[in-house]
Amino acid sequence: MATPSGKAAIPNPQASKRALPRDASSEVPSKRKNSNPTSTLPRPSEPFVEGSIVRIAMENFLTYDICEVSPGPHLNMIIGANGTGKSSIVCAICLGLAGKPAFMGRADKVGFFVKRGCSKGLVEIELFRTSGNLIITREIDVIKNQSFWFINKKPVTQKIVEEQVAALNIQVGNLCQFLPQDKVGEFAKLSKIELLEATEKSIGPPEMHRYHCELKNFREKEKQLETSCKEKTEYLEKMIQRNERYKQDVERFYERKRHLDLIEMLEAKRPWVEYENVRQEYEGVKLVRDRVKEEVRKLKEGQIPMTRRIEEIERQRRTLEVRIKEKATDIKEASQKCKQRQDCIERKDRHIKELQQALTVKQNEEHDRQKRISNTRKMIEDLQNELRTAENCENLQPQIDAITNDLRRVQEEKALCEGEIIDKQREKDMLEKQKRSVSDHIIRFDNLMNQKEDKLRQRYRDTYDAVLWLRNNRDRFKQRVCEPIMLTINMKDNKNAKYVENHISSNDLRAFVFESQEDMEIFLREVRDNKKLRVNAVIAPKISYADKAPSRSLNELKQYGFFSYLRELFDAPDPVMSYLCCQYHIHEVPVGTERTRERIERVIQETRLKQIYTAEEKYVLKTSFYSNKVISSNTSLKVAQFLTVTVDLEQRRHLEEQLKEINRKLEAVESGLVTLRDMNRHLELKDNELRLKKKEFLERKTRKRQLEQKISSKLGSIRLMEQDTCNLEEEERKASTKIKEINVQKAKLVTELTGLVKICTSLHIQKVDLILQNTTVISEKNKLEADYMASSSQLRVTEQQFVELDDNRLRLLQKCKELMKRARQVCNLSADQAVPQEFQTQVPTIPNGHNSSPPMAFQDLPNTLDEIDALLTEERSRASCFTGLNPTVVEEYTKREVEIQQLTEELKGKKVELDEYRENISQVKERWLNPLKELVEKINEKFSHFFSSMQCAGEVDLHTENEEDYDKYGIRIRVKFRSSTQLHELTPHHQSGGERSVSTMLYLMALQELNRCPFRVVDEINQGMDPINERRVFEMVVNTACKENTSQYFFITPKLLQNLPYSEKMTVLFVYNGPHMLEPNRWNLKAFQRRRRRITFTHPSQ
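Right, dumping it as structure tokens:
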């Protein structure tokens, strides 16, 4: 089993970083397994308190691989050096009993408590119970940051574990019961209220804290009820007073309301009167409309016989039209047959014409053939004459060969010339590429220079303007003029710019450097006097100082950390470098490192330098004229601003020369290209001339052969044309026979056409007879329709009159409905509710209970519109006399009356509820406060006893500012460690750390004998105590925790004083850790005891 990294585990009698295997020869009691620790002091077997810890097992937990601890039932002293794992056992108790990781003050996630490098960890706590021990197991998954819970090896939820732990009165989150190392200081920071709550939970009866919470809730509710009753009482009084002020206005309002009610009734009756007038008009219109409707009916009955006769004539007309259509169909069929015969005759005529045309075409083709044969014979004769007359073909081959050789030579010269052109072009492209590259480099240098110039322009605009003037007027100066020093200096390393800028003044950094006094006067006259620019100018020494050697070699100074002189850190033109060496002695000022700063005293005493630079400081050394002592002053270096941009001017000049050389080469290459292109054009012209000559000789050589081929071709054409002959007489005979046959067919078709024409004529005569009969029928129909139209016109007039009367009736009906609807709305009658014969309204009742004048009947009001309007005008005038009345006042008055009644009832109920709460508070307070006072008195008795035994004073009391504020009750601890002082409350600021630790420990000890919790844990509380207090506190802890019937106690400490008292009931658990830990499989307690006895017998004096 692997041990922790860098540590080796040594098993010991109490605790181990590794599990100890069971050994048959071991004398460890059988109930303990693996590395169950045994007490260093013998103690009898004593019973555990309900809920005490019997066993703690850890696996891959913080510093432990596997460890099992078996504490005793009373005081358990866990001792070990820092880092060995004492607090790991405390963390295991907290987390194993469902405590929150954040309570330990180490980490907020449970996964951080698993040993580094492991994916899972385990904590197992065995608690004593009379009904059977309770084993709680917590498995921790680092990856998921989750925990899996088991009780007696069965999986459960965390809530069940918390319930089981709470049932045993274990509170790992209560500082009075569980005080881890990182929370010791927080105990003194507990407020009095928090301390009371923790004490109640720790040692009070289970119902004490519950009563306290109930009291706080009851008191909070009592305060709310008292506030509510007070507010409601004040509000009720205000409303009653306000209603008394507005009572007279309300009575005047109701007087006006009576007039308004009469107006409302008049306005309600007016629609009924309007409705009755319109209804009577409607009845009159309805009678006239019914009379006209009867006339319409009679006119329609008179039109029925004419309608029937018209329909009969219409049937005859349709029958005649059908017969006419049938005759027209027969005529159409006969006409189509005639047309077919006529088309056949026309086709026969076209066929005859086509035969005649075909014969004519053949005659023309034969004539053309004879003509072509004659023309071809004549062409053959001409070609033969040309062939005979042409001179014999001379031998042209030598001339052709000579031209071919000349052509080959010209082409070779042309290819060579084109190759040279390609080479020149490639050379030109390469030079242009080099030119672009060099130009880009120059641009980059210019950009860097521009950065320096931008800084100069932003800081010293006049100097920048003077630089521009100098660049445009350099021809006016006889000798060299350098631009400002900050532009001409180029740092070799930007990091060293701060040394140069701190050494050279800003006035000189922006100064122009001249070699001639005359040139400087010209420059200053133009720039200062004429342009009014503020610039600086200096003159370089006539004898150059640029190369002057330093007085001491740099090798001598390297032992002090110096790496260079100022002059070697940058490049500059010779006049600038000479001026700086002469004026600022840059060749004599060394630059050092941090190593120089560390040895600065030695450097000052041994080197006797006047100025020194270290990594971040400048030292100026002076020798006193009186005492000859060296006086030094140092200043911190400022950050460089101007010289951080480096431009290598030498490299830029080299690039400019390289660019000029490239341009010169480009011009030479371009000139060579022009010459080669001219030569190539000349060779191309010569090549074309030779090709034309060669073509001419070749054409002359091939002319005879072409003539012979043409003659042969023409002779072949004549033979083909002579073979293609035609017999014209036979063709004429065949055409004549076909024409005769077609004429016979044509005569037969003409006879059939004549018969069809006669049939068509007979059908046309029958059709005309039918059309005349149809015309007679239509004439009779038109006469009847005219009579019908006259009757219909009268009917339409009567119907129009009926429609108008009906529309008027509907309009009046609709108006009646609208007036009825409006009248019903005014009288608040529903649509299906019958109109009452008598309608009256009730006059409102004033809230004081007195009625106004008796009600007025609806039917007693006037029955004409004029009378109603007159009465309305009168009542409105009376109502308008009541001015300045606000309806909202009456509404608010009525609403307040209702609200006053409701508030009175509500206030009565609140007072009853308040009395009930006060009775409850009185009962709960008696059950809570008396036991609490007794408990605090017992704590005070123990606490005072402990302090008096230490020749100090301390007391605990129940503190409150107001007896009724139960949420402000608290436990106040007051202590006095010196006889000359008074009792002071325990706070995080008044007492020292040791005094707070003593007070905390003694308070916890005072709780120990009264405690009903099964165990208490205190981790390293003795760290801030002085030896005297630590010894006294330890004695009290031993005496208190080892009494009968006390709960289990865990006291963790990294060290103990010598000669402390111990008890038989104590259990001391040692935690060892180191590089020589004994392997677990070699642990044998019996063998260790035998070896110890042998050593004792062998060396009795030791």
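The opening residue of the sequence shown carries number 321 in this note's numbering; numbering runs sequentially from there. Where a beta carbon is used, it is the ideal one built from N, C-alpha and C, also for glycine.
Please list the terminal residues of the continuous alpha helix (DSSP H) segment that includes residue i.
i, result
"S826", "S826 to L829"
"Q1134", "L1048 to V1146"
"K577", "K567 to G622"
"N954", "Taken as a continuous stretch (DSSP letters only), N954 belongs to no alpha helix (DSSP H), being part of the beta strand (DSSP E) at V950 to S956."
"M806", "I805 to T808"
"C902", "D894 to Y904"
"L1389", "From DSSP, L1389 is part of no alpha helix (DSSP H) but of the beta strand (DSSP E) over T1387 to V1391."
"F1354", "P1347 to A1361"
"I1188", "L1185 to S1200"
"K1310", "The identity of residue 1310 in the sequence shown is His, whereas the question assumes Lys. Premise fails: H1310 is in no alpha helix (DSSP H) and is neither H nor E."
Based on Cα-Cα distance, which residue from the options lies nearest to residue i?
i, options, result
"P1251", "V476, W469, T519 and M397", "T519"
"H1279", "S1268, I1293 and C1272", "I1293"
"N1260", "E1275, E1254, E1246 and R1247", "E1275"
"V1209", "Q771, Y566, T964 and P893", "Y566"
"R973", "I1188, P893, N1183 and G1036", "P893"
"R458", "K558, K473, N814 and Q677", "K473"
"I445", "V1232, I455 and V820", "I455"
"K1034", "N695, K479 and R539", "N695"
"Q771", "A588, D1186, S451 and N810", "N810"
"E1049", "K682, H823 and R854", "K682"
"P367", "K1406, T1366, L1389 and L1380", "T1366"
"H823", "R922, E937 and Q731", "E937"
"P718", "F1408, Y1382 and L1018", "L1018"
"L410", "N402, N1240 and M424", "Looking at the sequence shown, residue 410 is not Leu but Val. Measuring from the Cα of V410, the nearest candidate turns out to be M424."
"D1126", "V608, V730 and P393", "V608"
"R800", "P895, W592, L1090 and R984", "P895"
Between which two residues does the beta strand (DSSP E) harbouring residue i extend?
i, result
"K938", "E937 to T943"
"P475", "K474 to V476"
"Q1378", "No beta strand (DSSP E) contains Q1378, which DSSP labels as neither H nor E."
"R1294", "G1290 to K1296"
Assuming residue i and residue j form a contact by the criterion Cβ under 8 Å, report the distance between their Cβ atoms to the nearest whole angstrom.
i, j, result
"K818", "A960", "4 Å"
"A412", "V443", "5 Å"
"I1038", "R697", "7 Å"
"L1234", "L556", "Going by Cβ atoms, the distance from L1234 to L556 rounds to 16 Å, so no, they are not a contact pair."
"C658", "V1077", "6 Å"
"L463", "F433", "The sequence given here places Ile at residue 463; Leu does not occur at that position. I463 to F433, Cβ: 14 Å. No contact."
"I471", "V481", "7 Å"
Taking 7 Å as the threshold (C-beta atoms), are residue j and residue i in contact?
i, j, result
"S1317", "M1345", "yes"
"K1054", "L703", "no"
"R928", "H907", "no"
"V950", "I924", "yes"
"L640", "N1102", "no"
"K775", "F890", "no"
"V1129", "K606", "According to the sequence as given, residue 1129 is Arg; it is not Val. Their beta carbons are under 7 Å apart, which means R1129 touches K606 by this criterion."
"I651", "L1104", "no"
"T383", "S408", "yes"
"L545", "L1191", "no"
"M1140", "Y595", "yes"
"E740", "L1005", "no"
"V1391", "G405", "yes"
"R578", "I1188", "no"
"Q497", "C1333", "yes"
"F538", "I1348", "no"
Check whether the segment 829 to 838 and the segment 875 to 888 are in contact - that is, three or more C-beta pairs closer than 8 Å. Result no; under three Cβ-Cβ pairs closer than 8 Å.
Three or more beta-carbon pairs under 8 Å between the segment 821 to 834 and the segment 853 to 866, yes or no? Flag = yes, the segment 821 to 834 and the segment 853 to 866 touch.
Given 8 Å as the limit, is there contact between the segment 527 to 547 and the segment 1216 to 1223, that is, 3 or more CB pairs closer than that? In short, these stretches do not touch, since the Cβ pair count stays below three.
Can you confirm whether the segment 418 to 427 touches the segment 1351 to 1369 when touching is taken to mean that 3 or more C-beta pairs between the two stretches lie within less than 8 Å? As far as the Cβ criterion goes, the segment 1351 to 1369 does not touch the segment 418 to 427, which means the pair count is below three.
How about the segment 1182 to 1201 and the segment 580 to 588: do they share at least three Cβ pairs that are nearer than 8 Å? With the cut-off at 8 Å, the segment 1182 to 1201 and the segment 580 to 588 touch.
Decide if the segment 390 to 405 is in contact with the segment 1373 to 1380; the criterion is three or more beta carbon pairs, one per stretch, under 8 Å apart. Cβ pair count under 8 Å is three or more, so yes.
Segment contact, 8 Å Cβ cut-off, at least three pairs: the segment 609 to 627 with the segment 1055 to 1075: Flag = no, the segment 609 to 627 and the segment 1055 to 1075 do not touch.
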